[in-house]
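Enquirer: Residue numbering for the sequence shown is 17 to 263, as defined by my numbering.
Ideal Cβ positions, reconstructed from N, Cα and C, are used throughout, including at glycine.
These figures come from a predicted structure and were not determined experimentally.
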Amino acid sequence: MDAHIDHILIVDDDREIRELVSTYLTKNGLRVTVAPDGRHMRAFLDTNSVDLIVLDVMLPGDDGLVLCRELRAGKHKTTPIMMLTARDDETDRIIGLEMGADDYLAKPFAARELLARIKAVLRRTRMLPPNLQITEAGQLLAFGEWELDTTARHLIDKEGTIVALSGGEYRLLRVFVDHPQRVLNRDQLLNLTQGREAELFERSVDLLVSRLRQRLNDDAREPMYIKTVRNEGYVFSVPVEIKEARQ
């Protein structure tokens, strides 16, 4: 049987970048498909699967952030995504985190660096310890005064009120409730939520934890649900019960 060749989809409206990246990645043993915009990306992904998508933020029509959010909500929700942007600031990175991107690379970039980042993302997403994998079955996960609906991806309080979650908030909460009463460090949380570079996105974990505490009405000074373990990480400190989903 032939060895698997990783298939990368490049979505960028700059023809020179598409050609440069495609040529370099192909020479380095990857299979590459290119698309100039979201319309062509959708058409290709309707009938094909890829191992990773490199997605430019500044695209004609729907921009890369919109497309990233769309991919995360559809059948390609687990496909790793790397965003390319001409703007290298933390705000864009946080937005990318919210939309579900796995890594960010600012333009201009060296093709060699892009290749290294692609390999790193693929390696991380394929090497998570089996006991830290997130389960995907639709169900209600009950803890404290809350339930998490894993199909609709929202919280439900004890009065039945629905509390919406962003993509990043849901993924982080899902990691916590899948591993209750276990200390998880930031590297593990980064890998489990999307496998991001720890040195770039460590602060993003803290921001998401802060926002999750707000969603859960959790007092950051004396939290009931997500507790900080000094010099180690965070622990979801309440037990979790799996319940049958409502019909």
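1. Taking the alpha-carbon of T244 as reference, which of G184, V221, E257 and E86 has the nearest alpha-carbon?
2. Would you mind working out which of H23, T63 and N201 sits nearest N247, comparing C-alpha positions?
3. Can you tell me whether DSSP reads D72 as helix, strand or coil?
4. Quick check: the Cα distance between F60 and D118, rounded to an integer number of angstroms?
5. Just confirm the distance between the C-beta atoms of V191 and L206, as a whole number of angstroms; I'd bet it's less than 8 Å.
6. How many Å lie between R55 and I24 at the Cα?
7. Just to confirm, are M74 and A51 a CB contact at a threshold of 8 Å?
8. R47 and D30: beta carbons closer than 8 Å?
9. Buried or exposed, going by whether 16 or more other CB atoms sit within 10 Å of the CB of H20?
10. Could you check the C-alpha separation between P239 and R229 for me, to the nearest Å?
11. Is K43 helix, strand or coil by DSSP?
12. CB D67 to CB G80, shorter than 8 Å?
13. If you draw a straight line from the alpha carbon of P224 to that of L181, how long is it in whole angstroms?
Expert: The answer reads as follows:
1. V221
2. N201
3. strand
4. 21 Å
5. At roughly 10 Å, the Cβ-Cβ gap does not stay under 8 Å, so V191 and L206 are not in contact.
6. 17 Å
7. no
8. no
9. exposed
10. 8 Å
11. helix
12. no
13. The amino acid at residue 224 is misidentified as Pro; the sequence shows Leu. Going from the Cα of L224 to the Cα of L181 covers about 11 Å.
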